[in-house]
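S.K.: When we follow UniProt numbering, the leftmost residue of the sequence shown carries the number 1, and every step to the right adds one.
Cβ atoms here follow ideal geometry from the backbone N, Cα and C, with glycine treated the same way.
As the structure is a computational prediction, the values presented were derived from the model and not from experiment.
Can you read through this structure? Questions will come right after.
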Amino acid sequence: MATLKDQLIQNLKEDHIPWNKITVVGVGAVGMACAISILMKDLADELALVEVMEDKLKGEMMDLQHGSLFRRTPKIVSGKDYNVPANSKLVIITAGVCQLPFLGHCTVCGRFGRKYNEES
């Protein structure tokens, strides 16, 4: 016979692979604006945040989770490593790169874009 605890606490929903997972890389002002917009528009059933500064990432994720209590929001996950965006339908990169004074944004983006995609 099941205990009272087992009767009261049961898994109502099975774990699933998200249909619309969106990842935001970088949790600065632009990244958090994107994340909040995604949550407010209900665009994803899972939101992933990636950032190299763990303290900032933890604080921003806790803020989003606290606010999610007032809305029907998706699962919010975060991490420092780049395995977090696995199964994402969309990855939004808002993280900045260290710029040199003589290089503009277009030069830096082109150089790093070719690093990951030889056709660009």
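(1) Please report the distance separating the alpha-carbon of M62 from that of G26.
(2) Using DSSP with H/G/I as helix, E/B as strand and the rest coil, what is G113?
(3) Compare the C-alpha of V84 against each of G96, L69, A48 and V91 and name the closest.
(4) Terminal residues of the continuous alpha helix (DSSP H) containing V30?
(5) Which class does L4 belong to by DSSP, given the choice of helix, strand or coil?
(6) Let me check understanding here. Comparing Cα to Cα, which of D45, A44 and S78 lies closest to G59?
(7) Given that a residue counts as buried once 16 or more other Cβ atoms are within 10 Å of its Cβ, and exposed if not, what is G113?
(8) I need the straight-line Cα distance from I93 to C34, nearest angstrom please.
(9) Given K89, which residues of its chain have a CB within under 7 Å of its CB, disregarding the five upstream and five downstream residues?
M.R.: On the basis of the coordinates in this document:
(1) Residue numbering aside, residue 62 sits at position 62 when the sequence shown is read from its first letter. Residue numbering aside, residue 26 sits at position 26 when the sequence shown is read from its first letter. Roughly 15 Å separates the two Cα atoms.
(2) Sequence index remark: in the sequence shown, residue 113 carries index 113 (1-based). Low confidence applies to G113: its pLDDT is 49, below 50, so where it sits in the model is not reliable, and the reading given next is rough at best. Helix at G113.
(3) The sequence position of residue 84 within the sequence shown is 84, counting from 1. Nearest of G96, L69, A48 and V91 to V84, Cα basis: A48.
(4) Counted from its first residue, the sequence shown places residue 30 at position 30. Element bounds for V30: A29 to M40.
(5) Counted from its first residue, the sequence shown places residue 4 at position 4. Three-state result, L4: helix.
(6) If you number the sequence shown from 1, residue 59 lands on position 59. Residue S78 is the option with its Cα nearest to G59.
(7) As a working mapping, residue 113 is identified with position 113 in the sequence shown. Annotation note: pLDDT 49 at G113 (below 50); position unreliable, no value reported.
(8) Position 93 of the sequence shown holds residue 93. Position 34 of the sequence shown holds residue 34. If I take the Cα positions, the gap works out to 10 Å.
(9) Position 89 of the sequence shown, counting from 1, holds the residue named residue 89. Correct list, in chain order: N20, K21 and I22.
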